[in-house]
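See structure below.
There are 2 protein chains.
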Amino acid sequence: MMNSLPLAAAALLLASVAAQAQTMQVSPNGARASIAGSAETFTGTVTVTPLFTASEHSNAGGGLVEFTPGARSHWHTHPAGQTLIVTAGTGWVQEVGGEKVAIRPGDVVWTPPGVKHWHGATAESSMSHIAITPVHDGSAVTWLEPVTDEQYR
Amino acid sequence: MMNSLPLAAAALLLASVAAQAQTMQVSPNGARASIAGSAETFTGTVTVTPLFTASEHSNAGGGLVEFTPGARSHWHTHPAGQTLIVTAGTGWVQEVGGEKVAIRPGDVVWTPPGVKHWHGATAESSMSHIAITPVHDGSAVTWLEPVTDEQYR
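Structure follows, in structure tokens:
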């Protein structure tokens, strides 16, 4: 079972405290509880595992996002942009007004600030990526409407 | 064959230009030439593949670093720290004065600014990690002396 949001928030807080220690910190796989992507921001089954948080040293936080086939984010923008590193499977990204673009492991996607877009798995394949998202004025993302089945297919 | 450093520098420049475009940019796996880790900063066979560069939006750049068994970085420090996300194999990290710590896929390592340390594969296993390194005053790393075989074993 995945942890509820309060536990996830506690894990993020602990990660943040660890990041401020003055010795090397190894955060083992399994120590950062995965979170089910909310139906308010994703379609289908999406799992988010926190990796690291923004800090006084770097303005970007990172997480692993895993999409099952057919799952995708809602349309959204990032105030300071976002970098994706695809780690598994095959997915799609699409900018508003553009075509869907297939992404595969090792591909790196840069979405500039304010560009409306979505990302997710293809209809037939799962897809995982690491997302590295700079925080601007306390915000990393502005969520918009769902990607309809017509837009997705 | 890996490309020489001038070509790698050109690839980084192109990646930087792409990062400033106002549309989504997919940099496919294979488009960013891998670089052999220099004997001045690594022991053994190490391959570095650039992923993204620091920009006006985020102060950290990222790369994939692959170590063959026995390969490791020299001792070094990072002026603004570094985050490692282990992606394959089994490796070791060590802070000066501390013990070697084993790292495995999904583990996340934070090294604070100025902490002298090294990272690499174990003697028997390869190890790969993504390194995310904030740039401070134009510098991401200060290289020091090699890790001797006695220190490594």
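Those protein sequence lines, which keep their order, are chains A and B.
Heads up: the first sequence begins at 1 in our numbering, then just goes up one per residue.
Heads up: the second sequence begins at 154 in our numbering, then just goes up one per residue.
From the three backbone atoms N, C-alpha and C, an ideal C-beta is built for every residue, glycine too.
Touch test, the region 257-271 of chain B against the region 220-240 of chain B, Cβ-Cβ under 8 Å, three pairs minimum: yes
For E95/A, the three-state DSSP class (helix, strand or coil): Here the question's residue 95/A lines up with position 95 in the first sequence. Residue state, collapsed to three classes: strand.
Whether T221/B touches V201/B by CB criterion (9 Å): Numbered from its first residue, the second sequence carries residue 221/B at position 68. Numbered from its first residue, the second sequence carries residue 201/B at position 48. No.
From A39/A, G44/A, A33/A, Q25/A, residue whose alpha carbon lies closest to that of G120/A: Taking the first sequence and counting its residues from 1, one reaches residue 120/A at position 120. Nearest option by C-alpha distance: G44/A.
Three-state secondary structure assigned by DSSP to Q25/A: Within the first sequence, residue 25/A is the residue found at index 25, counting from 1. Strand, per DSSP.
Per-residue contacts from G63/A into chain B (C-beta, under 9 Å): Taking the first residue of the first sequence as position 1, residue 63/A is located at position 63. Under the 9 Å cutoff, chain B gives no residues; its nearest Cβ is about 10 Å from G63/A.
Contiguous beta strand (DSSP E) assignments of at least 3 residues, all confined to the region 217-248 of chain B: 235-242, 244-248
Endpoints, the alpha helix (DSSP H) within which D149/A is located: Counted from its first residue, the first sequence places residue 149/A at position 149. Element bounds for D149/A: 149-152.
Three-state secondary structure (DSSP) of S279/B: Here the question's residue 279/B lines up with position 126 in the second sequence. Residue state, collapsed to three classes: coil.
Partner residues on chain A for G273/B, Cβ-Cβ distance less than 8 Å: Within the second sequence, numbered from 1, the residue matching residue 273/B stands at position 120. Within chain A, no residue comes near G273/B; the closest Cβ sits about 14 Å away, beyond 8 Å.
Contact set for G215/B: own chain, Cβ-Cβ below 7 Å, skip 5 residues either direction: Residue mapping note: residue 215/B aligns to position 62 of the second sequence, counting from 1. Answer for G215/B: L204, F205, I283, A284, I285, listed in chain order.
For S139/A, three-class secondary structure by DSSP: As a first step, residue 139/A is located in the first sequence; it is residue number 139 there, counting from the start. Strand at S139/A.
Inter-residue Cα distance where the pair is R72/A and V147/A: Residue 72/A sits at position 72 when you count from the first residue of the first sequence. Residue 147/A sits at position 147 when you count from the first residue of the first sequence. Looking at the two C-alpha atoms, the distance is approximately 8 Å.
Segment limits, beta strand (DSSP E) that includes V261/B: In the second sequence, residue 261/B corresponds to position 108, counting from 1. 261-264 is the span of the beta strand (DSSP E), which, as asked, contains V261/B.
Pairwise C-alpha distance: E219/B and E267/B: Along the second sequence, read from residue 1 onward, the residue named residue 267/B stands at position 114. Along the second sequence, read from residue 1 onward, the residue named residue 219/B stands at position 66. Looking at the sequence itself, residue 267/B is Gly, so the reference to Glu does not match. Computed Cα separation, rounded: 23 Å.
Interface flag, F52/A vs chain B, CB-CB below 9 Å: Position 52 of the first sequence, counted from the start, is the residue given in the question as residue 52/A. Yes - at least one Cβ of chain B is within 9 Å of the one on F52/A.
V93/A burial status per 10 Å Cβ neighbour count (16 or more: buried): Taking the first residue of the first sequence as position 1, residue 93/A is located at position 93. Classification of V93/A: buried, given that the 10 Å Cβ count is 16 or more.
Interface residues of the region 179-202 of chain B facing chain A [CB-CB below 7 Å]: V179, S180, P181, N182
Top-ranked residue by Cα proximity to M127/A, from G91/A, G98/A, S58/A: For the purposes of this step, residue 127/A is taken as the residue at position 127 of the first sequence. Here the closest residue by C-alpha is G91/A.
Whether S58/A touches S278/B by CB criterion (9 Å): As a working mapping, residue 58/A is identified with position 58 in the first sequence. As a working mapping, residue 278/B is identified with position 125 in the second sequence. In this structure, S278/B does not lie closer than 9 Å to S58/A by Cβ.
Bridge-paired residues (DSSP) for A121/A: Start at 1 with the first residue of the first sequence, and residue 121/A comes out as number 121. According to DSSP, A121/A bridges with G91/A.
Under 9 Å between C-beta atoms of V249/B and K269/B: Walking along the second sequence from the start, residue 249/B turns up at place 96. Walking along the second sequence from the start, residue 269/B turns up at place 116. Contact flag set, yes.
Residues from the region 102-113 of chain A in contact with chain B, defined by Cβ distance under 8 Å: I103, R104, P105, G106, D107, V108, V109, W110, T111, P112, P113
Span of the beta strand (DSSP E) around P203/B: Here residue 203/B refers to the residue found at position 50 when the second sequence is read from its first residue. Its beta strand (DSSP E) spans residues 199-205.
For T133/A: DSSP bridge partner residues: To locate residue 133/A, count along the first sequence from 1; it is residue 133. Answer is G61/A.
Beta-carbon neighbours of M127/A, restricted to chain B and to distances below 7 Å: Counting from one through the first sequence, the residue named residue 127/A turns up at place 127. None at all; the shortest Cβ gap to chain B is about 13 Å.
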